[in-house]
Every structure is written in C-alpha cells, then in structure tokens.
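*Asks:* Chains C and S, in that order, give the protein sequences.
Start counting the first sequence at 128; every next residue gets the next number (the working numbering).
Start counting the second sequence at 4; every next residue gets the next number (the working numbering).
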Amino acid sequence: MLQQLGHLPMGWLLIALIAVFASVAFFTGRVRAERILLSGATELHSRPNYHGYFVTMWAVIPAILVALAYAIGAESVSRGQLTSELPPAFELLSAPELQTYLDSVAHAARSRDYAGTDLVFTAVTNRYLEILGGLNIAALVLMALGAVGGLFLARKRLAASFRARSLVERGMEGVLFFCAVVAIATTVGIVVSLLYESIQFFSVVPIWDFLFGTRWNAQTEAEFGALPLFFGTFMIALIAMCVAAPIGLFSAIYLSEYAGPKVRAWIKPILEILAGIPTVVYGFFALLVVAPAVRSLAIWINETLINVGLASEPLLAAQPTSALAAGLVMGIMVIPFVSSLSDDVINAVPQTLRDGAYALGATKSETVRNVVVPAALPGIIAALLLAVSRAIGETMIVVMAAGKSARISMDPTSDLTTITVQIVSLMTGETGFDDPKTLSAFALGLVLFAVTLLFNVIALRVVQKYREKYD
Amino acid sequence: MTDPAASAFSTPDALKRLKRRRAADVRFRLYGMGAIFLALGALVLLAMSIGAQAVSAATYHVVRYDITLDPAVITPPGEETPEEIARNVDGFWELLRDNLLATFPEANKDRAARMEVSEFVTRLAVLPTAKRVASQPQLLGNAITLKAPLNDDLDLYLKGQAFAERRVGTGAISGVLPQDDGSAQIEGQGAFAPIKTAMMTLEADGINLSEASVLLTSGSSTGRLHDIQSDSASIELLTGTLEAFQGSSATARIIALPEAQRVISDQQIAWTLALKDMDRISRVPRWSLLTNSDSTYPELAGGLAALVGSLFTMLVTALVAIPIGILAAVYLEEFAPKNRLTDFIEVNINNLAAVPSIVFGLLGAAVYINFLGMPRSAPLVGGLVLALMTFPVVIIAARAALKAVPPSVRSGALAIGASQMQTVFHHVVPLAAPGIFTGAILGMARALGETAPLLLIGMVAFVGDVPTSPTDESTVMPVLIYTWSNNAERAWEPMTSAMIVILLAVLLLMNGLVVFLRRKYERRW
Chain C
128 MLQQLGHLPM
138 GWLLIALIAV
148 FASVAFFTGR
158 VRAERILLSG
168 ATELHSRPNY
178 HGYFVTMWAV
188 IPAILVALAY
198 AIGAESVSRG
208 QLTSELPPAF
218 ELLSAPELQT
228 YLDSVAHAAR
238 SRDYAGTDLV
248 FTAVTNRYLE
258 ILGGLNIAAL
268 VLMALGAVGG
278 LFLARKRLAA
288 SFRARSLVER
298 GMEGVLFFCA
308 VVAIATTVGI
318 VVSLLYESIQ
328 FFSVVPIWDF
338 LFGTRWNAQT
348 EAEFGALPLF
358 FGTFMIALIA
368 MCVAAPIGLF
378 SAIYLSEYAG
388 PKVRAWIKPI
398 LEILAGIPTV
408 VYGFFALLVV
418 APAVRSLAIW
428 INETLINVGL
438 ASEPLLAAQP
448 TSALAAGLVM
458 GIMVIPFVSS
468 LSDDVINAVP
478 QTLRDGAYAL
488 GATKSETVRN
498 VVVPAALPGI
508 IAALLLAVSR
518 AIGETMIVVM
528 AAGKSARISM
538 DPTSDLTTIT
548 VQIVSLMTGE
558 TGFDDPKTLS
568 AFALGLVLFA
578 VTLLFNVIAL
588 RVVQKYREKY
598 D
Chain S
4 MTDPAASAFS
14 TPDALKRLKR
24 RRAADVRFRL
34 YGMGAIFLAL
44 GALVLLAMSI
54 GAQAVSAATY
64 HVVRYDITLD
74 PAVITPPGEE
84 TPEEIARNVD
94 GFWELLRDNL
104 LATFPEANKD
114 RAARMEVSEF
124 VTRLAVLPTA
134 KRVASQPQLL
144 GNAITLKAPL
154 NDDLDLYLKG
164 QAFAERRVGT
174 GAISGVLPQD
184 DGSAQIEGQG
194 AFAPIKTAMM
204 TLEADGINLS
214 EASVLLTSGS
224 STGRLHDIQS
234 DSASIELLTG
244 TLEAFQGSSA
254 TARIIALPEA
264 QRVISDQQIA
274 WTLALKDMDR
284 ISRVPRWSLL
294 TNSDSTYPEL
304 AGGLAALVGS
314 LFTMLVTALV
324 AIPIGILAAV
334 YLEEFAPKNR
344 LTDFIEVNIN
354 NLAAVPSIVF
364 GLLGAAVYIN
374 FLGMPRSAPL
384 VGGLVLALMT
394 FPVVIIAARA
404 ALKAVPPSVR
414 SGALAIGASQ
424 MQTVFHHVVP
434 LAAPGIFTGA
444 ILGMARALGE
454 TAPLLLIGMV
464 AFVGDVPTSP
474 TDESTVMPVL
484 IYTWSNNAER
494 AWEPMTSAMI
504 VILLAVLLLM
514 NGLVVFLRRK
524 YERRW
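1) Going straight from the alpha carbon of residue 391 (chain S) to that of residue 550 (chain C), what length do you get?
2) Given that a residue counts as buried once 16 or more other Cβ atoms are within 10 Å of its Cβ, and exposed if not, what is residue 289 (chain S)?
3) Under a Cβ-count criterion, where at least 16 other Cβ atoms within 10 Å of its own Cβ denotes burial, should residue 4 (chain S) be classed as buried or exposed?
4) Is the beta carbon of residue 495 (chain S) less than 8 Å from the beta carbon of residue 301 (chain S)?
5) With 16 other CB atoms within 10 Å as the buried threshold, where does residue 453 (chain C) fall?
6) Quick one: list the residues of chain C neighbouring residue 355 (chain S), beta-carbon separation under 9 Å, in chain order.
7) Tell me residue 427 (chain C)'s beta-bridge partners as DSSP assigns them.
8) Tell me the DSSP bridge mates of residue 284 (chain S)?
9) Determine whether the Cβ of residue 143 (chain C) lies closer than 8 Å to any Cβ atom of chain S.
10) Leaving out five residues on either side along the sequence, give the residues of the same chain with a beta carbon under 8 Å from the beta carbon of residue 251 (chain S).
11) Buried or exposed: which applies to residue 435 (chain C), given that a residue is buried once 16 or more other Cβ atoms fall within 10 Å of its Cβ?
12) For residue 453 (chain S), which three-state DSSP category applies?
13) So, residue 219 (chain S) versus residue 228 (chain S), is the Cβ gap smaller than 8 Å?
14) Determine the DSSP secondary structure at residue 94 (chain S), reduced to helix, strand or coil.
15) Any idea what DSSP makes of residue 344 (chain C), helix, strand or coil?
16) With a cut-off of 8 Å, does the C-beta of residue 283 (chain S) fall near any C-beta of chain C?
17) In three-state terms, what does DSSP make of residue 168 (chain S)?
18) What separation, rounded to the nearest whole angstrom, lies between the Cα atoms of residue 229 (chain C) and residue 462 (chain S)?
19) Please decide whether residue 598 (chain C) counts as near chain S, where near means a Cβ-Cβ distance under 8 Å.
20) Listed from N- to C-terminal order along the chain, which residues in the stretch 555–573 of chain C have their beta-carbon within a distance smaller than 8 Å of any beta-carbon of chain S?
21) Quick check on the DSSP output: what are the complete alpha helix (DSSP H) runs of length 4 or more inside the stretch 297–372 of chain C, in order along the chain?
22) Quick one: Cα of residue 306 (chain S) to Cα of residue 484 (chain S), how far?
23) Taking C-beta to C-beta, are residue 150 (chain S) and residue 89 (chain S) nearer than 8 Å?
24) Tell me, please, whether the CB atom of residue 433 (chain S) is closer than 8 Å to any CB atom in chain A?
25) So residue 199 (chain S) and residue 235 (chain S) are in contact, right, with Cβ under 8 Å, and what is the actual spacing, rounded?
26) Would residue 13 (chain S) pass as an interface residue toward chain C - the criterion being a Cβ-Cβ separation below 8 Å?
27) Would you call the CB atoms of residue 460 (chain S) and residue 352 (chain S) closer than 8 Å?
28) Buried or exposed for residue 610 (chain C), going by 16 or more other Cβ atoms inside 10 Å?
29) So within the stretch 208–232 of chain S, which uninterrupted beta strand (DSSP E) runs reach at least 3 residues, ignoring any that extend past its ends?
30) DSSP three-state call for residue 256 (chain S): helix, strand or coil?
31) Just checking: is the beta-carbon of residue 134 (chain C) within a distance shorter than 8 Å of some beta-carbon in chain S?
32) Under 7 Å Cβ to Cβ from residue 159 (chain S), same chain only, skipping five residues before and after it: list those, please.
33) Can you tell me where the beta strand (DSSP E) with residue 152 (chain S) in it begins and where it stops?
34) Which residues of chain C have a Cβ atom closer than 8 Å to the Cβ of residue 25 (chain S), listed in chain order?
35) Whose Cβ in chain S lies nearer than 7 Å to the Cβ of residue 302 (chain C)?
36) So, under 8 Å CB-CB, residue 257 (chain S) and residue 205 (chain S) are touching, yes? Tell me the CB distance rounded to an integer number of Å.
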C-alpha cells in the first residue's frame, strides 16, 4: 500500500492541489462576501473579489510552504531514514559508494524497473518506496490540513466592514518584495556555495600553493598550482581585447560620428547579432575555421623563417588548438560589447563640445580624437572593462578551441588552458563532492567570480560618475 | 592689399600642414569603415562556413532495398511476439545484408569482403522497419521496399567531401583480354591517354600519386587500373562484368589518397557506384535530423531529444524567471522605498547580469544537486539554473519598460481613487507589457543558447530517448552541438553545422518576434 503511494507523481499532484485549493478558496470567499452583501443593507468595504483573494491567500500560503518543504526535504529525509535502516553489512561501503547505491535505488524506484534484480536490492528499493510513500501521504495530508484550516480561519473574518483589499495589497507587496529579494538570495547563494566548497579545498591545499603554484595537474597528480590557468586566461583575454578594442572602438566612432542615420539603422543591429550568437557556435567556428587557419599560418611562418635562415628549428608550436584561435574568435564575440556601450557614451557627449572644436578650425577626426573621445573616455574604459570581464568568464570558445595543457608560454600558437576550461573538465568527471578535484573547481570559480565582479563594479562606478558630469 | 590673416593660413607651410591634416581625416574615416567591414566580414565568414557545411547535411543518401520479410529470419521459433520482432534488429539487418550480397556475388568470396558489405548499413537503421512490422504482422512473408541511410563515410564520398578525386573520361575501349590471374588487359587506341595526362597534371601540382588508386567505371561495373599506358591498361575487376567495358568509353577516377589511409576502400566505392548506377541510391532531405534522437552513428543521429529537452528547460526557466523578474521589477520601480536594502538589491541585480554563466553552473551543482539532491541531467535543474541567470535580464528590461510609462497615467488612476496596487496592476503594467515581454523573450533567447552552466549539472550525458517530463535525463540543443563537435568522425562536422543552423533559426524567430512586437505595440509617450 505505502509502496504504491511511493510512485505518486508528487510534483504534478502538489501543483494541481494548490491550484484546486486556490480556486475553491477564492470562490468560498467571494460567495461569502456576496451573501453578506445580499443579506444586509450595508455596503462592503472591499469588493467581493478581494474577499476571494484574501481567503485564497490564507489557503495557498500554508499549502505552498508544505510543498516547498517537501520539495527540499523529501529526498534527503527518505534517504536518511533508509540509510539508518540498512543492515549492518552496508557499513562496509564508503560514503561515495553508499551514495551511488542510493542513487541507483532511487533511480530504480522511479523507473519501477527493478524486478529480477538481486533480492537485497529489491528489498531495499521496496523499503525506500515505502518510506517515500509515507512521506508523500504525510505531505498531502499536511497540505490539505493547512489549506483547509487557513481557508476557514480566513472565511470567519469576512464581514461587511472587513478591509480585505488593504490586507490583500499588503500581502501582494510582500510577494513583490520576496521576488526582489531573490536577487540577493542568488548572490548570497553564489558566494556561500563558492566559499563553502573553496574553504574545504583550502584546508587540503594551502591557498598560497593554489594562487602561486606553477604546476597544475588536477586530473592526474593532484597538483593545484593555478598560475598557468590564470596566465592562459589572461593571455586569451588579451588577444581577444587586441581584436575587440580597436574594431569595437572604431566601429562605435564611425557609427556615431560619420555614418548617416540609414547606415546606422542597419549596421548597429547587425553588429549586435554578434552578441546574440550562442558561444557554442563561436566555439565550433573556432574549431572548424580559425584554428586550422592559425595552424597553417604558424607552420608557414616556421618554414619561411627556417628557409630564410633566421631560425634553425620551428619557432612556433603550431598546435591544432591554440590560444590565438580562441582569442581571435573571442575578440569577435566581444566586439558588440565594446561598440554598443562606447557608441552610447560617444552619443552622450554634448554637441556643443564638438561645435566648439569645429569653431577653432579642427577637422572632424581631430575633433573626435582630441575632444569627443577624451570626453567619453570614462565610458569607453567602462566598456572595455565589461568586455574584459566577458572574455575572462567566457567558457565554450576556450573549451572547444583553446586546449587543455596548463603551461606558461608566450607562444600564442601553443595550446593554453583557462580557468573556465578547467572548471568544465573538473566538473564533468564522475567524482564526488568531497574530492579535492571537484572542490578545486569551486576555488577556481571563486577566483573567476571575484575578478569579474571587480571589473564590473569598477566599470559601473566609472559609468555612474561619468553620467553625473553632463546631466 | 594682402589680408594678413589669409596669408598666415596660406603660406606653403600651412597649406602643406592642411593637406596632411585632411589626409589624416580621410584615413581616420577609413579606419572606422575598415573596423565595420572587419566585424561584418567575421560575421559573414561565420555564417558562410557554417551554412555551407549545413547545406551538405540537409540531404543524405539512402539505399533502396527490395526485400522479402522472410519469417524464418524475422520470427525465429520462440520469438514471435511483436516485442520480440521489434527487438530483432539483427534479423532485419541480415535481410538487408543478404540483399546486398545477392546484388554483389563477389562479396561472398571471403570474410573481409562480407565485412565491407556489412558496413553499408548500420544495424540500428532497420529499427523503424522492425517496429512497423511488429505492429503490422500481416506484412510477414511479403515483399517490401525500404530505404535505409547509406553509411556516413560513403555518403560523404558521394557528396564529394571525403577526399580529392579527379574524374576523366576515357576514349573507346576496343578489346578486353582476360588474364590467368583474374585480371584483364584492356585496350583502345589512345583510350587511356586522358588518364595519363590528368595524372601528369596532378603530379605537376605536387600531389604524390605513388599509391593512388585509379578506378575505371562503366555502367555498374568498376575495376582498378594498373600499368596504365596510352593504349592499354591492366584492370582488376572489383564489381560487375568485364564485358561492360567492351566497346564503351568509361569514366576513370583518380584518388591520390592511399587506400590504407581512407575509411572507405576501393571495393566499397565500386559497390556504391554500382548501386548508384542501378538507381538504388537517392539523395533525400534529412528529416531525421528533426525526427530522430541522438545516436552514435551520424547517419541516424538527430536532434529531437535535444529539442524536446530544450523545450522543457525553457518552460521551467520561463515559469520561474519571467514572473519573478516582472514582480521584482514592479516592486523596485513602483513600491520600493529608497533605502539601503533596495540600493543593495539594485547593485546586486546589475552585478548578477554580468556574472559569468559558468558560475551559475557551479551554483546549480552545489545547491540544487549536492545540497537539495535534485536529479542530475534533468531539464528541471537546468531550467532553474538558467532561470537564475535570466531573471536579472528580465528585471532590467521590465524596469525600463515600467519607467517609460508616463507619471500622468499613475496620477490619473490615483486621482480617481485607485489604490497604488490597483494603479500599478490595472494601468501601468498593461501599458508596459509589450516592453516587458520583449525583454523576457530576449532573456529566454539568451538562455536557449547557453551551454556552459548545463555542462556542470550533467546535461552532457548521451540521451537516446526523448524525455517525457522535466525530471527525465535529457540534453539541450547547444549541448548537443558541443557533444557532436567533439566527435572525431568527419561526418559529424556537417551534422553539427546543421544543428547550429536549427538553433540559430529558433533564435532568429524569437528575435523576429521581438522586432514584430516592438513595431506593432511600442508606444512613444
């Protein structure tokens, strides 16, 4: 019986029940209010609908709380209970093994496809389903009790002079506030989860070894010196900015100072397409077109240098995936981040400044170079900083085109690895959460988060300061 | 007399400087145009290179098989239920292979040749037929025609993308003299001179032909040429008959890449050409790209499971991010008192919008999967991770839209006695709705193209089945693109490009919708 209940599709059931309770409560409240209206000559303070909303609020909030508690706790509670009931022989299993075993039990229970497996497993799965069934029925009963209780309590308060609308509006404001607080909760979630796992990591690997060590072999030898990753990230971001900064800036200048309104109306959205293309597409482009081209260029340079006699052996590494290929494509990707924001700030420079320069006899390019760009400089710097932060945090292009060897090499045609590449390769393996390998990914994530946050905060500050100047 | 001011500006020195300054002006303008051309050029190069590949994957070659559904093979004793028929892939596949063996008797000569024939069609290609027969048992014993995709490498060869091949026509072949060792001597006055010329040109271009294969085809017969002279050559027959060459002018194919370095052999090329000559190979649109799920065989792989996975993921993202984003924006724009807390929220939102996406993946792995014990690889978790990433974008767009509604609307509503909540939800939000929804769609488009955070929560696993609920194991389109691009076989390249084109088409559609909504509903106050 309980075992059958373990199969209940609780997600849908809880959502459907909340919907049912909500509509029942709404009509109860509304009908009650209309009755009051019909029975007496007095007028209602709030319209019947608000009475309905008021009752709904009281019925749904306990129901949602129960559903949330179930969603968050059911799995761990049932697993905990099951673990405590397992026969002593299971104590021989290590924690990750037990975890895997429980995972397979949960999976078998979900798919119902475990008949014919060994007896112990079947028995454990059946017991798991019983525990889950008990929890399911408890959650449903608790939810119904909460909803019905709330409904009756609220219904009792309804009266002609009852200020349903004010209360509903106050409740609504609470909901709105809660939604806004989700933003804080997300940031807190990021910081706490990164810090929590990183602190665990730093208790195994000293923080100085991590930040300044020069050997990174996380996959094989547990060497966690992240300096080569920082170097690779920096190198690729630098190459990207060498592409994006001039192209983005000159595009912005041309669009805002030279192009006519028609050209501008066409070119600007097309440039912004570059920002809308998924990064995995850029990664494929890098892999398919740019990396082979970079490689053959490097090979050609090597051969030419040897032929001319300037070198006796190949100078460039000319590897199939290279920092240069990833950097070039990343540069293309961040062009619109530079050009869009720069365009905005250049447009915000007052026309009077330009007119003043023209009146002194400056040519257009002199005006742009000596008046407009200096005036827009804080905004342009902010745009560049935001673009750098994008480039540092970008993942797919480097995962696909930058390679995986952690080394410090000034040769742009050799493959370098970055923080994001290592996070992906560490997290896509089959390791548990207590493994230093996985934990090191969080430490890298913390560095990434801190660096990009720094860039963003500086950029936003600069923009804010600049805006105040001309308003 | 002379105007002193004019003279100061018209000295040769000043004129020279003016010329230089004007040249600098022109140069500066050219830099700007150059920058735009470079950016647009990169975009065009990207579109062209991926588009060209995708076009080749839009069609593929299928082989027609006329087979009899022999009950002895399909329903061996004890395996007659529909489920067993549907699972009997080997039986159906044997029928196709036997059909090929019957077409090419020479393939029966040894094990290696039979293996080469076997590679023409992958076993799983017959699965739809097996399922069809299982549901319609009356087909048993009947003759049916079925089309199965050709092996991906041969498909690439027929599309001319496998390796370089030079095709030349020969002159008329007058005599075929069979030799003792199974080969034959073929002759014709100057018949093979074009081959010799072509080979000489190729060698002049620096191509090494020492291990090249020269295949001669006439009708459905193909042989390999040796000792090529202008008037005669020795032919080693691969398929068909020697008589086919008698009195005909044949086509020669010069393949410089040595056979040992190719994935397909001369023998397989000969059979493919024969099948094509028999009109059994046709090039058809590859609908399977949209109707099949992922497979380890490129000719069978498709993106249906990933499309559905993306759909579920986006559904979860939309249900979470859009309401929370809009309500948060309404709070911040219309209700929030100016205090430390709301300032902090605002700073937070701006920062969240710029946090690298992979950090959200780490958050999802730590909180959703490790802490809350949610299933890995599920669209539910993927959707929630992307929702956290998307809702700051929705908030920022929604706030801009709410800000654009003029205060007179609010004053008017408040003046006739509406409460603040009524003002906002009855008047301001409906007026801002087009702006809010365009922002929401843009946020969703960004989430749809996102890959990195989903890799971290395990959505990179191979998924062969179409997911049926948000908690099933699943993958999404961008991740499928990433997985396919990692595959070594050449045939995956065009497949990946085709998948990219599908993804970009969906994104373009969403952006088109935004433009349409803006044109139609945007109001300027």
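Heads up, the beta-carbon is just placed ideally off N, CA and C, and yes, glycines get one too.
Computed from a predicted structure; not experimentally measured.
*Replies:* So, to answer that:
1) 19 Å
2) buried
3) Bear in mind that a pLDDT of 47 at residue 4 (chain S), under 50, signals an unreliable position, so the model cannot answer this.
4) yes
5) So residue 453 (chain C) ends up on the buried side.
6) 310, 313, 314, 317
7) DSSP lists no partner for residue 427 (chain C).
8) S:66
9) no
10) 175, 176, 221, 222
11) Here residue 435 (chain C) is exposed: its Cβ has fewer than 16 other Cβ atoms, across all protein chains shown, within 10 Å.
12) coil
13) yes
14) helix
15) strand
16) no
17) Of the three classes helix, strand and coil, the one that applies to residue 168 (chain S) here is coil, per DSSP.
18) 21 Å
19) Caution is warranted here: a pLDDT of 46 is assigned to residue 598 (chain C), below 50, making its placement in the model unreliable, and the coordinate value is therefore given only provisionally. So no, residue 598 (chain C) is outside the interface.
20) 555, 560, 568, 569, 572
21) 334–339
22) 9 Å
23) no
24) Going by chain labels, chain A is absent from the structure shown, which instead holds the protein chains C and S.
25) Residue 199 (chain S) to residue 235 (chain S), Cβ: 12 Å. No contact.
26) no
27) no
28) Residue numbering for chain C in the displayed model covers 128 to 598; residue 610 (chain C) lies beyond these limits and cannot be assessed.
29) 216–221, 224–229
30) strand
31) Judged by the 8 Å Cβ criterion, residue 134 (chain C) is not in contact with chain S.
32) 165, 493, 494
33) 146–152
34) When 8 Å is used as the limit between beta carbons, residue 25 (chain S) is near these residues of chain C: 490, in chain order.
35) 330
36) 7 Å
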